[in-house]
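*Asks:* The structure's right below; bear with me while I get my questions together.
Protein chains: 2
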Amino acid sequence: MNIKAVAKRAKVSTATVSRTMNGSAKVSPETAERVRQAIEALNFYPDTNARALGSGRSNLFGLIISDITNPFFPELVKSFEDIAVLHGQEVLIANTNYDPERMKICVRRMLQRKVDGVAIMTSEMDDRLIEDFSRRHIPLVFLDTAPPVPGVSCVRIDYSAGIDAAVNHLIKLGHNRIAFISGPMRLASARMRYKTFMESTARDHLDDNPKLIEEGNHRVDGGHDAMQRILASGARPTAVMASNDLTAIGAMGAIADAGLRVPEDISVVGYDDIQLSAFTMPPLTTVSLPRAEIANAAFNALWHAKQSEEPTLVPGEQHMVLPTLVIRKSTGHATQ
Amino acid sequence: MNIKAVAKRAKVSTATVSRTMNGSAKVSPETAERVRQAIEALNFYPDTNARALGSGRSNLFGLIISDITNPFFPELVKSFEDIAVLHGQEVLIANTNYDPERMKICVRRMLQRKVDGVAIMTSEMDDRLIEDFSRRHIPLVFLDTAPPVPGVSCVRIDYSAGIDAAVNHLIKLGHNRIAFISGPMRLASARMRYKTFMESTARDHLDDNPKLIEEGNHRVDGGHDAMQRILASGARPTAVMASNDLTAIGAMGAIADAGLRVPEDISVVGYDDIQLSAFTMPPLTTVSLPRAEIANAAFNALWHAKQSEEPTLVPGEQHMVLPTLVIRKSTGHATQ
DNA sequence: TAAAATAATGAAAGCCTTTACATGGTCGTA
DNA sequence: TACGACCATGTAAAGGCTTTCATTATTTTA
Chain E
1 MNIKAVAKRA KVSTATVSRT MNGSAKVSPE TAERVRQAIE ALNFYPDTNA RALGSGRSNL
61 FGLIISDITN PFFPELVKSF EDIAVLHGQE VLIANTNYDP ERMKICVRRM LQRKVDGVAI
121 MTSEMDDRLI EDFSRRHIPL VFLDTAPPVP GVSCVRIDYS AGIDAAVNHL IKLGHNRIAF
181 ISGPMRLASA RMRYKTFMES TARDHLDDNP KLIEEGNHRV DGGHDAMQRI LASGARPTAV
241 MASNDLTAIG AMGAIADAGL RVPEDISVVG YDDIQLSAFT MPPLTTVSLP RAEIANAAFN
301 ALWHAKQSEE PTLVPGEQHM VLPTLVIRKS TGHATQ
Chain D
1001 MNIKAVAKRA KVSTATVSRT MNGSAKVSPE TAERVRQAIE ALNFYPDTNA RALGSGRSNL
1061 FGLIISDITN PFFPELVKSF EDIAVLHGQE VLIANTNYDP ERMKICVRRM LQRKVDGVAI
1121 MTSEMDDRLI EDFSRRHIPL VFLDTAPPVP GVSCVRIDYS AGIDAAVNHL IKLGHNRIAF
1181 ISGPMRLASA RMRYKTFMES TARDHLDDNP KLIEEGNHRV DGGHDAMQRI LASGARPTAV
1241 MASNDLTAIG AMGAIADAGL RVPEDISVVG YDDIQLSAFT MPPLTTVSLP RAEIANAAFN
1301 ALWHAKQSEE PTLVPGEQHM VLPTLVIRKS TGHATQ
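Chains as they are written, first to last, in this note's numbering: chain E, 1 to 336; chain D, 1001 to 1336.
Pasting the structure below:
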């Protein structure tokens, strides 16, 4: 079953079939209708590989993420896919597992499949690999950490807006010793969140006891362990802010293990607003990162670049995403 | 940059380059080395589309899931991908969003890309779509619900083992009014879990008050609402078993909302053992479904089928997966 | 030592589309 | 009426790889 069979049945050439399928204007309505009927009758669909080979375009966008197991990503992936389907684009998902070797494999996969563009949602990316894309004029969009290269778009997150809102919320509740559990400091996104928190608390002249700062790993166990260290240090925080929700959940566990209550003894704030955070005990107050908006912005950047004939000459889109504070039950008045 | 350039540089024909890349035995070690050096020097990698077009094989396995946002799937996807990478296969992930229309699109995508095999991890699948695959001799593997077709493999879950273990655990703790919150009854997997629970409790002559049974939706909110209905019904269960962990988490929330404690007033058991269940408050006792094992079994079934020349003639592998009970803190002695 | 078997390699066809270019027909205009 | 413009369609090359078959060189066998 191939385009030839369709052409034969519709009594036209393969070129006309191809043109019909691709919506080229150069086909008369009657012919087009005949071709469509033939396609229907034969239940034909074109071979994607041959298409990509013939045209050089693949209708594929790559989506590189660190780890699908991290609850931050599935929603992002889903939103990205949903909008892609709407535009007739397909999505090739690749996990790097935070491993530079694996990242290389991902990049190669994208290149080999002749993707039309790539959304890179991991924070660390080798410049040499970016080279590989830009040399081939493949549009890129980054989350948060775009290199200053023409044709490369970026979706930025206004970290300070979200974190300021969280800190202000805590201050209003009377907190003045706010601990912070960071993500792994080798991740740019984690460093950003840390830096923004420090700035925000410094601005408000809060206690900056270094014992209040611990490094986690953006997973539950890291948050748990970090919180234990903070509690053991004797720093006595009245509230904790975590670099992501998983960390916050771990911290809540450690607080409960120590016989303390959230929020009566210690308030907890997370970051990301993963689905689950609404259902923890107590439901988590957290900074919501609009993942659907991020996915849409990323997709649109690639889509526009794809439409313009010389993507690498256009400057690349910049989109700023504004996180918002979602107040639930894990924060309450400070009790000293 | 194509195979011709490599051939030229290595002073061989393109056929030899192709053979070298594919590990064909018919290349002398010296020639192979020369070719490899040329590939290295030119930083060449072959066009996947051309490869698939030329050979008819794509080195692609499809993986159809319902919803990447459901925490059951990410781990499955990850494990599947990991083992695929190990075997040099790639994975094309497709979400159906529980939507038959979308399922059709997924199937078409797979067909168009000439996948070497498809793992179908959703429980509902139109027979006509299966036809599409088997007509083209594309190996399939199902989770749980394989149609009786030659060449179709299946990874089965021994539901009764897991649920019996959970029920026995509760009985030993003195429970005799065990509620059950099912998944959506239109899903075969949910019906299986329900059926197995009913059999298990009937065998043990437990209270079979229909008020103890409610339908959820396999999400947190459904578990929450179902639990509220059970509590409102006056059936006074001493324990609840949920069809999956999200449902259990929702149920725990509803129990807390009602001013009751887990496990002191009501014990809760989940199903799946998603990562998060270890970190709920209290940590959830649940039936663990070994997702890595499922993924491996599924992959292997496809892989073996791919290796054998006539996949549809071999009977299809059957693999039984045994869930196990993980006892954490959400279950305790019944207090009436 | 000649014939046969084996091994390594090359030439070229084939996979299925897309698309540049060619062709023939229709229309409008001078 | 004739010529160019334009439209719909067809022809055939191109895209990058795999693979069959043919060819040559080498080894084995009798």
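Heads up, the beta-carbon is just placed ideally off N, CA and C, and yes, glycines get one too.
1) Considering D/Tyr1341, what are the terminal residues of the beta strand (DSSP E) in which it resides?
2) Would a C-beta distance cut-off of 8 Å place E/Ser134 and E/Val149 closer than the cut-off?
3) Roughly how many whole angstroms lie between the Cα atoms of E/Met320 and D/Ala1015?
4) To test your reading of the DSSP string, which unbroken alpha helix (DSSP H) runs of 4 or more residues are found completely within the stretch 207 to 249 of chain E?
5) Would you say E/Phe133 lies against chain D (beta-carbon separation less than 8 Å)?
6) On the CB-based measure, 16 or more other CB atoms within 10 Å of its CB, does E/Met185 come out buried or exposed?
7) I'd like to know if the stretch 1105 to 1124 of chain D and the stretch 1047 to 1064 of chain D are in contact, where contact means that at least 3 CB-CB pairs between them fall below 8 Å.
8) Is it a yes or a no for the stretch 97 to 106 of chain E touching the stretch 121 to 131 of chain E, going by three-plus beta-carbon pairs under 8 Å?
9) Please list the partners that D/Arg1113 has in chain E, where partner means a Cβ-to-Cβ separation under 8 Å.
10) Per DSSP, which one or two residues make a beta bridge with E/Thr324?
11) For E/Phe90, which beta-bridge partners are listed by DSSP?
12) Considering only residues of the same chain and omitting the five flanking positions on each side of D/Val1107, which have a CB-CB separation below 7 Å?
13) Buried or exposed, going by whether 16 or more other CB atoms sit within 10 Å of the CB of D/Met1125?
14) Taking E/Arg414 as the reference, give the member of E/Tyr98, E/Ala94, E/Ala119, E/Thr122 with the closest Cα.
15) Helix, strand or coil for D/Leu1053? Go by DSSP, reduced to three states.
16) Can you give me the Cβ contacts of E/Met21 inside the same chain, cut-off strictly under 7 Å, excluding the 5 residues immediately before and after it?
17) At 7 Å on the CB atoms, spell out the chain E contacts of D/Gly1250, in chain order.
18) Which bits of chain E does D/Pro1074 rub up against, with CB to CB less than 7 Å?
19) Compile a chain-ordered list of the residues in the stretch 14 to 45 of chain E whose CB is closer than 7 Å to at least one CB of chain D.
20) Please find out if some non-hydrogen atom of the ligand ATP comes closer than 7 Å to the beta-carbon of D/Arg1229.
21) Can you give the Cα-Cα distance for D/Glu1264 and E/Leu322, rounded to whole angstroms?
22) Measuring alpha carbon to alpha carbon, tell me which of D/Ala1226, D/Met1241, D/Lys1211, D/Pro1029 ends up nearest D/Ser1200.
23) Could you tell me which whole alpha helix (DSSP H) segments of length 4 or greater appear in the stretch 1108 to 1135 of chain D?
24) Helix, strand or coil for E/Phe180? Go by DSSP, reduced to three states.
25) Taking three-plus beta-carbon pairs below 8 Å as touching, is the stretch 158 to 178 of chain E in contact with the stretch 275 to 291 of chain E?
26) Can you tell me where the alpha helix (DSSP H) with D/Val1017 in it begins and where it stops?
27) Could you name each continuous beta strand (DSSP E) segment of 3 residues or more that falls completely within the stretch 1141 to 1210 of chain D, going from the start of the chain to the end?
28) Using a beta-carbon distance below 8 Å, is E/Ala256 in contact with chain D?
29) Distance cutoff 8 Å, beta carbons only. Does D/Arg1128 sit that close to anything in chain E?
30) According to DSSP, E/Gly270 sits in a beta bridge with which residue or residues?
31) Between the stretch 33 to 49 of chain E and the stretch 5 to 12 of chain E, can you find at least three pairs of beta-carbon atoms closer than 8 Å?
32) Once the 5 residues before and after E/Thr122 are set aside, which same chain residues still bring their CB inside 7 Å of it?
*Replies:* This is what the structure gives:
1) Chain D is shown only over 1001 to 1336; residue 1341 of chain D falls outside these bounds and no answer can be derived.
2) If you number the first sequence from 1, residue 134 of chain E lands on position 134. If you number the first sequence from 1, residue 149 of chain E lands on position 149. Cβ atoms of E/Ser134 and E/Val149: closer than 8 Å.
3) Along the first sequence, read from residue 1 onward, the residue named residue 320 of chain E stands at position 320. Along the second sequence, read from residue 1 onward, the residue named residue 1015 of chain D stands at position 15. Distance between the alpha carbons of E/Met320 and D/Ala1015 is about 51 Å.
4) The qualifying runs are 220 to 232.
5) Within the first sequence, the letter at position 133 stands for residue 133 of chain E. No Cβ of chain D is located within less than 8 Å of the beta carbon of E/Phe133.
6) Walking along the first sequence from the start, residue 185 of chain E turns up at place 185. Exposed.
7) The stretch 1047 to 1064 of chain D and the stretch 1105 to 1124 of chain D touch, with three or more beta-carbon pairs separated by less than 8 Å.
8) Yes, since at least three Cβ pairs between the stretch 97 to 106 of chain E and the stretch 121 to 131 of chain E fall closer than 8 Å, the two stretches touch.
9) Stepping through the second sequence from its first residue, residue 1113 of chain D is reached at position 113. For D/Arg1113, the residues of chain E that pass the 8 Å Cβ criterion are Thr48, Asn49, in the order they occur in the chain.
10) Sequence index remark: in the first sequence, residue 324 of chain E carries index 324 (1-based). Checking the DSSP bridge columns, you'll see E/Thr324 partnered with E/Ser288.
11) In the first sequence, residue 90 of chain E corresponds to position 90, counting from 1. For the sequence presented, residue 90 of chain E should be read as Glu rather than Phe. E/Leu60, per the DSSP bridge assignment.
12) Against the second sequence, residue 1107 of chain D aligns to sequence position 107. Answer for D/Val1107: Leu1129, Asp1132, listed in chain order.
13) Locating residue 1125 of chain D in the second sequence gives position 125, where the first residue counts as 1. Its Cβ being crowded by 16 or more others within 10 Å, D/Met1125 is buried.
14) Missing from the structure shown is residue 414 of chain E; chain E here goes from 1 to 336 and no further.
15) As a working mapping, residue 1053 of chain D is identified with position 53 in the second sequence. Annotated three-state conformation of D/Leu1053 is helix, per DSSP.
16) Mapped onto the first sequence, residue 21 of chain E falls at position 21. Counting only Cβ-Cβ distances below 7 Å, and skipping sequence neighbours, we find Pro46.
17) On the second sequence, position 250 is the one that residue 1250 of chain D refers to. When 7 Å is used as the limit between beta carbons, D/Gly1250 is near these residues of chain E: Phe279, in chain order.
18) If you number the second sequence from 1, residue 1074 of chain D lands on position 74. Scanning chain E for C-beta atoms nearer than 7 Å to the C-beta of D/Pro1074 yields Ile68, Thr69, Pro74, reported in chain order.
19) Here the close residues are Tyr45.
20) As far as ligands go, the structure on display features none, and thus does not contain the ligand ATP.
21) In the second sequence, residue 1264 of chain D corresponds to position 264, counting from 1. In the first sequence, residue 322 of chain E corresponds to position 322, counting from 1. One alpha carbon belongs to D/Glu1264, the other to E/Leu322, and they sit about 43 Å apart.
22) Counted from its first residue, the second sequence places residue 1200 of chain D at position 200. Nearest option by C-alpha distance: D/Met1241.
23) Runs of the alpha helix (DSSP H) inside the stretch 1108 to 1135 of chain D: 1127 to 1135.
24) Numbered from 1 along the first sequence, position 180 holds the residue referred to as residue 180 of chain E. If DSSP states are grouped into helix, strand and coil, E/Phe180 belongs with the strands.
25) The stretch 158 to 178 of chain E is in contact with the stretch 275 to 291 of chain E.
26) Taking the second sequence and counting its residues from 1, one reaches residue 1017 of chain D at position 17. Run containing D/Val1017: 1014 to 1021, per the alpha helix (DSSP H) assignment.
27) Counting only runs of 3 or more residues that sit fully inside the stretch 1141 to 1210 of chain D, the beta strand (DSSP E) segments are 1152 to 1157, 1178 to 1182, in chain order.
28) Position 256 of the first sequence holds residue 256 of chain E. With respect to chain D, the C-beta atom of E/Ala256 has a partner C-beta closer than 8 Å.
29) Against the second sequence, residue 1128 of chain D aligns to sequence position 128. No, no contact with chain E.
30) By 1-based counting over the first sequence, the position of residue 270 of chain E is 270. Answer is E/Thr286.
31) Touching, yes.
32) The residue you call residue 122 of chain E lines up with position 122 of the first sequence. Within the same chain, and ignoring the five residues on either side of E/Thr122 in sequence, the residues whose Cβ sits closer than 7 Å to its Cβ are Ile64, Ile65, Ser66, Thr96.
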